[in-house]
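**Q** Numbering (the working numbering), first residue to last: 936 to 1290.
Beta carbons are placed, not taken as given, at the ideal position from N, Cα and C, and that holds for glycine.
These figures come from a predicted structure and were not determined experimentally.
The structure follows.
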């Protein structure tokens, strides 16, 4: 819906401010990243702190690539607001619960929150417009610009799509003139920023909270075993050989972990490692993207983000380490079942008491 403002702040800066002050963003503080925010682990990230870190990485990438940093920042802050409690485990539970009406998808819920549910702007006819963001900011927040009927499965087999059927009108307005199924470069930067932040920071959280056997990270024999267990989580997109090579490259870094005792010195060493990894991944992507684009205009649909295959493999290794040591532990399976039960019980109650 058109708005008129008297101040000189850009529309994209206003989009970011609206999202930053939204209740939907604040609610992420109680949502799980990898380790539950209710488990008493004061170091572990939640979805809100993760989103702030994604936004910082995204803003730096946007500046390096010559994109509007406020558009990318907004997309990064928004990227998880539609996701339920308990992470992907919660999403699976709600998707099964809502299967007979098309299922639940966190990214589609993000568009609904931004464009309808978050209480900020209403039309004269009483119609809600959510935060009433610009077309560019909404599109940059859309990770999967297609409907459920044309969904794409992720490595775990979950159907991924960007909007629900009754949000088609806002999706079509947002995507007017855009190439079908092609993400704008700002959305690609958001997605890469998420990959970088959660691969590195989830690894950091898992080390600090004692989930990872740090000694195994420096053993070439253990690399083979770890990579074998990664495939269930990563899928077949990256070969076993490339994962081993990526693991070896990470292990050869001077600052790679060779031990962990929880001391302040160990914490500083780990923090320096995470900083170097973020810089390593971001700089490689910026260089490859600029080299690929040449003189092309690096905005909207003028170019694509390029991440070198070796960097993709290194990011996958970090994700795989966390998946192996944290998510796939048999001792956590009863917790996951309890989480799903909590969500489905709440959904039943809300449905029964709703209008």
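(1) Ordered along the chain, which non-local residues of its own chain (more than five positions away) have a Cβ less than 6 Å from that of residue 1074?
(2) Roughly how many angstroms separate the alpha carbons of residue 1237 and residue 1231, rounded to a whole number?
(3) Give the straight-line distance between the Cα atoms of residue 1003 and residue 1279, rounded to the nearest whole angstrom.
(4) Less than 9 Å between the C-beta atoms of residue 1169 and residue 1255, yes or no?
(5) Touching or not, the segment 1032-1045 and the segment 1086-1104, by the rule of three or more beta carbon pairs under 8 Å?
(6) Inspect the beta-carbon positions of residue 1209 and residue 1139 and report whether they are closer than 9 Å.
(7) For residue 947, collect the residues of the same chain with a Cβ closer than 8 Å to its Cβ; drop the 5 residues on either side in sequence, then sort them by chain order.
(8) Where DSSP assigns a beta bridge to residue 1087, which residues make up the other side?
(9) Let me know if residue 1087 comes out buried or exposed under the rule of 16 or more other beta-carbons within 10 Å of its beta-carbon.
(10) Among 1093, 1152, 982, which residue has its Cα nearest to the Cα of residue 1132?
(11) Rounded to whole angstroms, how far is the Cβ of residue 1178 from the Cβ of residue 1248, which I believe are closer than 8 Å?
(12) So, does the segment 949-962 touch the segment 1049-1056, judging by three or more C-beta pairs under 8 Å?
(13) Which of the three DSSP states is assigned to residue 1039 in this structure?
(14) Measure the beta-carbon distance from residue 1182 to residue 1252 and round it to whole angstroms, keeping in mind my assumption that it falls under 8 Å.
(15) How many angstroms separate the CA atom of residue 1153 from the CA atom of residue 1192?
(16) Identify every residue that forms a DSSP beta bridge with residue 1057.
(17) May I ask you to verify whether the segment 1270-1277 touches the segment 1016-1031, counting CB pairs closer than 8 Å and requiring at least 3?
(18) Can the beta-carbon of residue 1019 be found less than 9 Å from the beta-carbon of residue 966?
(19) Report the three-state DSSP secondary structure of residue 1024 (helix, strand or coil).
(20) Who does residue 1082 pair with in a DSSP beta bridge?
(21) Could you tell me the distance, in whole angstroms, from the CA atom of residue 1113 to the CA atom of residue 996?
(22) Can you grab the Cα-Cα spacing for the pair residue 950 / residue 1066, in whole Å?
(23) Would you mind reading off the limits of the alpha helix (DSSP H) that contains residue 1014?
(24) Output yes or no for whether 9 Å exceeds the beta carbon distance between residue 990 and residue 1128.
(25) Can you look up residue 1178 in the DSSP assignment and give me helix, strand or coil?
(26) Looking at the secondary structure, which residues open and close the alpha helix (DSSP H) in which residue 1192 lies?
(27) Nearest-angstrom Cα distance between residue 1289 and residue 1281?
(28) What is the rounded straight-line gap between the Cα of residue 1175 and the Cα of residue 1241?
(29) CA-CA distance, residue 1207 and residue 1186?
(30) So, is residue 1213 buried or exposed, given that buried needs 16 or more other C-beta atoms within 10 angstroms?
(31) Roughly how far, in whole angstroms, is the beta-carbon of residue 1141 from the beta-carbon of residue 1261, given that I think they are within contact range, below 8 Å?
(32) Measure the alpha-carbon distance for residue 1268 versus residue 1024 and round it to whole angstroms.
(33) Which residues in the same chain as residue 938 place their Cβ atom closer than 8 Å to its Cβ, once the five residues preceding and following it in sequence are excluded?
**A** Taking the definition as stated:
(1) Result list for residue 1074: 1109, 1119, in chain order.
(2) So the alpha carbons of these two residues sit roughly 6 Å apart.
(3) If you draw a straight line from the Cα of residue 1003 to the Cα of residue 1279, it comes to about 40 Å.
(4) Contact annotation: residue 1169 and residue 1255 have beta-carbon atoms nearer than 9 Å.
(5) Per the Cβ contact rule, the segment 1032-1045 is in contact with the segment 1086-1104 (3 or more Cβ pairs under 8 Å).
(6) For residue 1209 and residue 1139, yes; Cβs fall inside 9 Å.
(7) Beyond the five residues adjoining it in sequence on each side, residue 947 comes within less than 8 Å, by CB distance, of 1003, 1005, 1006, 1009, 1069, 1071, 1072 in the same chain, given in chain order.
(8) DSSP, once it has assigned bridges, lists 1095 as partnering residue 1087.
(9) Under this definition residue 1087 is an exposed residue.
(10) The residue with the shortest Cα to Cα distance from residue 1132 is 982.
(11) With 8 Å as the limit, residue 1178 and residue 1248 qualify as a contact, their Cβ atoms being about 6 Å apart.
(12) For the pair of segments examined, the segment 949-962 was found to touch the segment 1049-1056: the number of CB pairs separated by less than 8 Å reaches three.
(13) The answer is coil: DSSP assigns residue 1039 none of H, G, I, E or B.
(14) Confirmed, about 5 Å.
(15) Going from the Cα of residue 1153 to the Cα of residue 1192 covers about 8 Å.
(16) Residue 1057 is bridged to 1063.
(17) The segment 1270-1277 vs the segment 1016-1031: in contact.
(18) Yes; because the gap between Cβ atoms is below 9 Å, this pair is in contact.
(19) Note: residue 1024 maps to helix in three-state DSSP.
(20) Listed as beta-bridge partners of residue 1082 by DSSP are 1098.
(21) So the two alpha carbons sit approximately 23 Å from each other.
(22) Whole-angstrom Cα-Cα distance: 8 Å.
(23) Element bounds for residue 1014: n/a, residue is neither H nor E.
(24) Contact check for residue 990 against residue 1128 passes: the beta carbons are separated by less than 9 Å.
(25) Note: residue 1178 maps to helix in three-state DSSP.
(26) From DSSP, residue 1192 is part of no alpha helix (DSSP H); its letter is neither H nor E.
(27) The C-alpha of residue 1289 lies about 12 Å from the C-alpha of residue 1281.
(28) Approximately 22 Å between the Cα atoms of the pair.
(29) A straight-line Cα-Cα distance of about 15 Å links residue 1207 and residue 1186.
(30) With 16 or more neighbouring CB atoms inside 10 Å of its own CB, residue 1213 falls in the buried class.
(31) With a Cβ gap of about 5 Å, residue 1141 and residue 1261 count as contacting.
(32) Each residue's Cα considered, the two are about 11 Å apart.
(33) Contacts found: 1056, 1067.
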